[in-house]
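In our numbering, each number is its position in the sequence shown, counted from 1, plus 11.
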Amino acid sequence: MTAALRLADAGARVTLLEGRPRLGGLAFSFRRGELTIDNGQHVYLRCCTAYRWFLDRVEGAHLAPLQPRLDVPVLDVAHPRGPRLGRLRRSALPVPLHLAGSLATYPHLSLAERASVGRAALALKRLDPADPALDGIDFATWLGRHGQSPRAIEALWDLVGVATLNATAPHASMGLAAMVFKTGLLSEPGAADIGWAHVPLGDLHDTLARKALDSLGVRTALRTKAERISRTEDGRWTVEVPGETLDADTVVLAVPQRETRDLLPEGALDDPDRLLDIGTAPILNLHVVYDRKVLRQPFFTALGSPVQWVFDRTDSSGLKGGGQYLAVSQSAAQDDIDEPVAVLRERYLPELERLLPAARGAVIRDFFVTRERTATFAPTPGVGRLRPGARTHAPGLYLAGAWTATGWPATMEGAVRSGFSAAGAALSALGRRHEHPLQEAA
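Take a look at the structure:
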């Protein structure tokens, strides 16, 4: 979608093929009764400059505002003295002092652990996330070498890392972890301020994106999957779809890695089977509609509970009548992804009552589950050497997708950046003048 916008902005005639019935990939909305539901809770950070460009480009930035300043409520329900609330928040001081006050008073770590976290953060700030050596080790090993206790990993490093990497520290590439923490927490004071859609995601990624594409004359074909891509004798391309064959000068292939492997013509990559070594990781979302308000904050994250992040989606879903709709977002959800709804309900509703006393005795109007078994690529150690760039060996054929070599984990930011790279490479090959969108913004 980003590549289509960039190519069309530069004057190219674009046809966008989408296999699903709507745009937006894995960040979409659907109807359930009178509610509009997001398949999963998605957030972005102020440092996500490419995704912010996308929001501006489709005129949707005001519908997904950022916090004025980072402020994350962290509720520990396993504390011996009872539930304890802490906050990760920043000040206006320069890096790294912007988080010093919050860390100094963070109640979920001991004084010694807080000091150790500070030293590890300074060591991490000196790293180069692009160093191939970092990609070969796991985040937990690096944290252990830098004195981080299991509690510090649980209450801070994994609190952030699981949500952004979709993996716990032992299963995450240190290179990707360094990129997340260095960019998000140690680059600029406001880099980690959180933004999220206050409307259904479909309003942004489908409705507004489609409007922007239509205004550029892009032909969008939904429910249309490419079945075969071939290069013609004159150096152009044909794309076979059900009932039609399309001709093109340039093709941007933006599908998951396995489908990419199946569609690539011979010789496009040195070893296309390496794409099959890029694993996937699941994300699970639990959706609970109560008959009353049980949460008074927009969101919080939990410790001492299997619950990870909880968001209030009442207004964005269109819920009326005084109830409240909460979305519980569970990353790295390998243990739960295939559990029956009844099992998940029995497991998580009591946990929400532990976390939210107002939920005790509330009537559950609805409980349902959305599952993305292949939500992201798995950010395992060594994955960096498997991720291809936008260019292939086949002139006129480019790759996009959050799993490609963006330098980012699988996020909306990474997806948009991959579109920038593919479109930029294509426009350069076509001899069309263009500038990188983020350079234009600067």
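Ideal placement from N, C-alpha and C gives every residue a C-beta, glycine not left out.
With 16 other Cβ atoms within 10 Å as the buried cut-off, status of residue i
i: Ser-342; result: buried
i: Glu-29; result: buried
i: Pro-32; result: exposed
i: Asp-326; result: exposed
i: Glu-244; result: exposed
i: Arg-162; result: exposed
i: Val-394; result: buried
i: Thr-422; result: buried
i: Glu-446; result: exposed
i: Leu-37; result: buried
i: Thr-116; result: exposed
i: Arg-444; result: exposed
i: Thr-3; result: Because residue 3 is not part of the residues shown, which for the chain are 12 to 453, the question remains open.
i: Pro-143; result: exposed
i: His-53; result: buried
Alpha-carbon to alpha-carbon, residue j and residue i
i: Arg-308; j: Leu-46; result: Arg is not the amino acid found at residue 308; the sequence shown has Gln there. Between Gln-308 and Leu-46, the C-alpha separation is close to 21 Å.
i: Pro-368; j: Tyr-359; result: 14 Å
i: Arg-356; j: Leu-330; result: 21 Å
i: Leu-120; j: Arg-98; result: 12 Å
i: Pro-420; j: His-209; result: 24 Å
i: Ser-432; j: Leu-215; result: 22 Å
i: Glu-451; j: Asp-67; result: Low confidence applies to Glu-451: its pLDDT is 48, below 50, so where it sits in the model is not reliable enough to give any reading.
i: Leu-297; j: Phe-378; result: 7 Å
i: Ala-454; j: Val-69; result: In this structure the chain extends from 12 to 453, so residue 454 is not present and cannot be described.
i: Ala-188; j: Gly-172; result: 7 Å
i: Thr-391; j: Pro-267; result: 17 Å
i: Arg-42; j: Arg-221; result: 19 Å
i: Leu-138; j: Val-191; result: 12 Å
i: Thr-13; j: Gly-201; result: 25 Å
i: Gly-435; j: Gly-112; result: 42 Å
i: Ile-48; j: Pro-211; result: 7 Å
i: Pro-351; j: Glu-383; result: 14 Å
i: Pro-140; j: Lys-193; result: 8 Å
i: Ala-259; j: Ser-241; result: 10 Å
i: Ala-453; j: Arg-57; result: With a pLDDT of 33 at Ala-453, under the threshold of 50, the predicted position of this residue should be treated as unreliable, though the coordinate-derived value follows. When rounded, the distance between both Cα atoms is 15 Å.
i: Val-88; j: Gly-400; result: 44 Å
i: Asp-281; j: Tyr-62; result: 31 Å
i: Gln-109; j: Arg-396; result: Note that residue 109 is His in the sequence shown, not Gln. Their backbone Cα atoms lie some 34 Å apart in a straight line.
i: Ala-151; j: Ala-232; result: 44 Å
i: Gly-22; j: Trp-248; result: 19 Å
i: Leu-441; j: Thr-381; result: 42 Å
i: Ala-353; j: Pro-181; result: 30 Å
i: Pro-91; j: Asp-169; result: 21 Å
i: Ile-375; j: Leu-363; result: 12 Å
Residue span of the alpha helix (DSSP H) that contains residue i, given as start and end
i: Tyr-62; result: 60-68
i: Trp-529; result: Since the first residue shown for the chain is 12 and the last is 453, residue 529 is missing from the structure and cannot be characterised.
i: Glu-362; result: 352-366
i: Arg-376; result: First-last for Arg-376: 375-388, but that is the beta strand (DSSP E), not the alpha helix (DSSP H).
i: Thr-175; result: 169-176
i: Gly-435; result: 423-441
i: Thr-325; result: 325-328
i: Ser-226; result: 220-226
i: Gly-112; result: 111-115
i: Thr-13; result: 13-20
i: Leu-122; result: 122-136
i: Leu-145; result: 143-146
Identity of the residues DSSP links to residue i by a beta bridge
i: Pro-84; result: Arg-98
i: Thr-179; result: Paired residues: none, contrary to the question.
i: Ser-160; result: In the DSSP output, where bridge partners are listed per residue, Ser-160 has none listed.
i: Phe-41; result: Ile-48
i: Ala-313; result: Leu-86
i: Val-262; result: Leu-408
i: Val-106; result: In DSSP, Val-106 forms no bridge with anything.
i: Trp-320; result: Thr-312, Ser-340
i: Gly-206; result: Tyr-55, Leu-77
i: Gly-255; result: First, the residue type needs correcting, since residue 255 is Glu and not Gly in the sequence shown. According to DSSP, which records beta bridges pairwise, Glu-255 is partnered with Val-252.
CB-CB length for residue i against residue j, believed under 8 Å
i: Gly-71; j: Leu-227; result: The Cβ separation is near 16 Å, so there is no contact.
i: Gly-35; j: Gly-213; result: 6 Å
i: Gly-186; j: Asp-146; result: 4 Å
i: Ala-334; j: Arg-371; result: Here residue 334 is Gly; the residue named in the question, Ala, does not match the sequence. Contact doesn't hold; Cβ gap of about 16 Å is too wide.
i: Leu-295; j: Val-321; result: Between Val-321 and Leu-295 the Cβ distance is about 13 Å, and since that is not below 8 Å, they are no contact.
i: Tyr-409; j: Val-229; result: With a Cβ gap of about 17 Å, Tyr-409 and Val-229 do not count as contacting.
i: Val-106; j: Glu-238; result: In fact, because the Cβ distance is near 50 Å, the residues do not count as touching under 8 Å.
i: Leu-449; j: Trp-64; result: 7 Å
Endpoints, the beta strand (DSSP E) within which residue i is located
i: Ala-292; result: 291-301
i: Arg-239; result: 239-242
i: Thr-194; result: Segment 185-196 is the alpha helix (DSSP H) holding Thr-194; no beta strand (DSSP E) there.
i: Thr-231; result: 230-232
i: Glu-251; result: 248-252
i: Ala-338; result: 335-342
i: Thr-26; result: 26-28
The ligand NAD heavy atom lying under 6 Å from the CB of residue i
i: Arg-17; result: This structure does not include the ligand NAD; it has no bound ligands of any sort.
Residue-level contact to chain C via CB, residue i, 7 Å cutoff
i: Gly-213; result: Note that chain C does not occur in the displayed structure, where there is just one protein chain.
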